[in-house]
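Protein chains in written order, with the numbering used here: chain Y, 52 to 329; chain V, 21 to 347.
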């Protein structure tokens, strides 16, 4: 078994912790999202929601709690989609030549970058959850300690698989682009539909038909489902909508993310195999 | 007889419609310093990139360290070390981390790797800079670090692509001391450069490439001897007229005219021949503004074979290079 991908991982993490500004901003940014957007929107949404009649016994969660899961997912999306960019810089600065001329198989680069990106995502998620709990996101409400622990593991597993998929995609795109500007454009273009055609910020039940179909296949929706299931519960009301997640739903979402990650890995491997760096 | 450690046969390489390498054949013997010379854009980098398996082999056959680059690129990669033309250091890693990273992607076991790192740092005298990030190193130190990195895996062949480009003379001299030391320890050196004087001093064998073709080969002495015994440089009041007159002389092997004057290759002793030529030109009413007599250098070899000075040729070929880079 070859573990050279750990070397790629080591180098990327070394750089992550070395650039304090990058480290701090990547941790503060999602917290700001939650604090600013969450605070602003929740007063609006909560006003609507409180006007809607709910059945007795229903568990109703605040918009901030609903959004908390969405912010976790969005952060994972952004961090991962931009996670492969370092490869473009490595390519343009010539650093990749050293690596491509070495006996290390190129798949190790993909895996190493994938793992370091996942580590960054997980760190961010832990920070968001901690910060969220401080400002009033009611995650794990009524959970026993062991249950909370398992829920956190479940969330991290979902975020990890999801991030891997988008890191592989990001690596594939970075390797096929020539300029950072072009890459920025492609990734932004990709981000918007994934971002808006998902249930991260609002319920998708009211979407027009086609958008609803897209969002059902959207990996971000599957991630949000998983996170809400573990963080909030399997049966709750938010913004007037009833959310029910069966174990089967969650397994299906996990499977969808795993398939997505596998496909993206194959795509990245295909691109890397053909890439010429001179 | 030493075995050929590199064997290139009928190598061709295209970038779209542009033929960058045209039917190139050469071989390198184990243990020698081999120089691949030519102006920028002549095809040197393309050849080196095929040899180190960064570019796919399109046509021809290339064997490096006994392995076919197309069939066994991984074996080739294990057997070689490369110092690239442009800087390939991660500016945010320290000297030690740079070598550690390299050793790990070449799967060197930890203990051996740590020992080799120390050995290499000592070899290129970067002990003081061990924990300094490479962005803070001088150009010469960066080069030394890259050479240390290339050598760290104990390659049988070290590829040096323009190792001294952009460095000052003192740094160049020191770098050559390291490279010679390495070569004496048994590593074959494959060098590309457009510094003719360097190649002249160190090479056992030289191939000169231009427009994708090898146009001259031999050891430096032979290449220079082929040209003739002496070179005369003349500046006159009318170079064109002088050229016509000199050309008819029996001892003159070749005359070239460039912006500075005439470059005359002669087959006999220049110290005897030069006064005769000067006398003749004066008789024809030409005045002589400047004169120089010297042994042919590799620069002269290059001009003789290509009709261009290697430094001028560099500029002229930039467009072809830019083209090659894009594809």
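By construction, the Cβ of each residue, glycine as well, lies at the ideal position given by its N, Cα and C atoms.
Everything numeric in this text was worked out from a predicted model, so none of it was measured.
Residue contact with chain Y for residue 107 of chain V: present (Cβ-Cβ distance below 8 Å to some residue of chain Y).
Per DSSP, residue 81 of chain V is one residue of the beta strand (DSSP E) stretching across 79-84.
In this model, residue 85 of chain V and residue 153 of chain V are separated by some 34 Å (Cα to Cα). Listed along chain Y, the residues sitting closer than 7 Å to residue 102 of chain V by beta-carbon distance are 152. For residue 254 of chain V, DSSP records a beta bridge to V:282 and V:311. If you draw a straight line from the Cα of residue 96 of chain Y to the Cα of residue 56 of chain Y, it comes to about 46 Å.
Among the residues of chain V, none has a CB under 9 Å from the CB of residue 165 of chain Y; the nearest is roughly 17 Å distant. For residue 149 of chain V, there is no enclosing beta strand (DSSP E), as DSSP marks it with neither H nor E.
With fewer than 16 neighbouring CB atoms inside 10 Å of its own CB, residue 91 of chain V falls in the exposed class. Between the alpha carbons of residue 45 of chain V and residue 252 of chain V lies a distance of about 34 Å. The C-beta distance from residue 287 of chain Y to residue 111 of chain Y rounds to 7 Å, short enough to meet the 8 Å contact threshold. Within the DSSP bridge table, the entry for residue 24 of chain V names V:49 as partners.
Residue 163 of chain Y and residue 131 of chain Y do not touch by the CB rule: their CB atoms are close to 15 Å apart, not below 8 Å. Within chain Y, the residues whose beta carbon sits less than 8 Å from that of residue 69 of chain V are 329, listed in sequence order.
Listed in chain order, the positions of the segment 121-132 of chain V with a beta carbon within less than 8 Å of a beta carbon of chain Y are 121, 122, 124, 125, 126 and 127. In this structure, the alpha-carbon of residue 116 of chain V lies about 58 Å from that of residue 259 of chain V.
Counting along the chain, residue 212 of chain V sits inside the beta strand (DSSP E) bounded by residues 208-213. Residue contact check for residue 58 of chain Y against chain V: a CB pair falls below 8 Å. Pairing residue 126 of chain Y with residue 175 of chain Y gives a Cβ-Cβ distance under 8 Å. A straight line joining the alpha-carbon of residue 226 of chain Y with that of residue 323 of chain Y spans about 7 Å.
When rounded, the separation of the alpha-carbon atoms in residue 73 of chain V and residue 190 of chain V is 33 Å. If you keep only unbroken alpha helix (DSSP H) runs of at least 4 residues inside the segment 255-298 of chain Y, you get 260-268 and 270-282. Contact check for residue 290 of chain V against residue 254 of chain V fails: the beta carbons are separated by 8 Å or more. Going by beta carbons, residue 124 of chain Y and residue 274 of chain Y fall inside the 8 Å limit. Residue pairing by DSSP places residue 306 of chain Y in no beta bridge whatsoever. Separation of the CB atoms of residue 229 of chain V and residue 58 of chain V is rounded to 4 Å, and the pair is thereby assigned contact status at 8 Å. The three-state secondary structure of residue 322 of chain V, taken from DSSP, is helix. Here DSSP, grouped into helix, strand and coil, assigns residue 233 of chain Y to helix.
In this chain, residue 105 of chain Y is not harboured by any beta strand (DSSP E), its DSSP state being neither H nor E. In the DSSP annotation of this structure, the continuous segment of the beta strand (DSSP E) that includes residue 101 of chain V starts and ends at 100-103. Around the C-beta of residue 214 of chain V, 16 or more other C-beta atoms lie within 10 Å, and the residue is accordingly described as buried. Chain V has a Cβ within less than 8 Å of the Cβ of residue 145 of chain Y. For residue 72 of chain V, there is no enclosing beta strand (DSSP E), as DSSP marks it with neither H nor E. Annotation: residue 64 of chain V has no Cβ neighbours in chain Y at a cutoff of 9 Å; minimum Cβ distance is about 12 Å.
In this structure, residue 32 of chain V sits near residue 41 of chain V, with a CB-CB distance shorter than 8 Å. When the Cα atoms are used, residue 303 of chain V and residue 296 of chain V turn out to be separated by approximately 11 Å.
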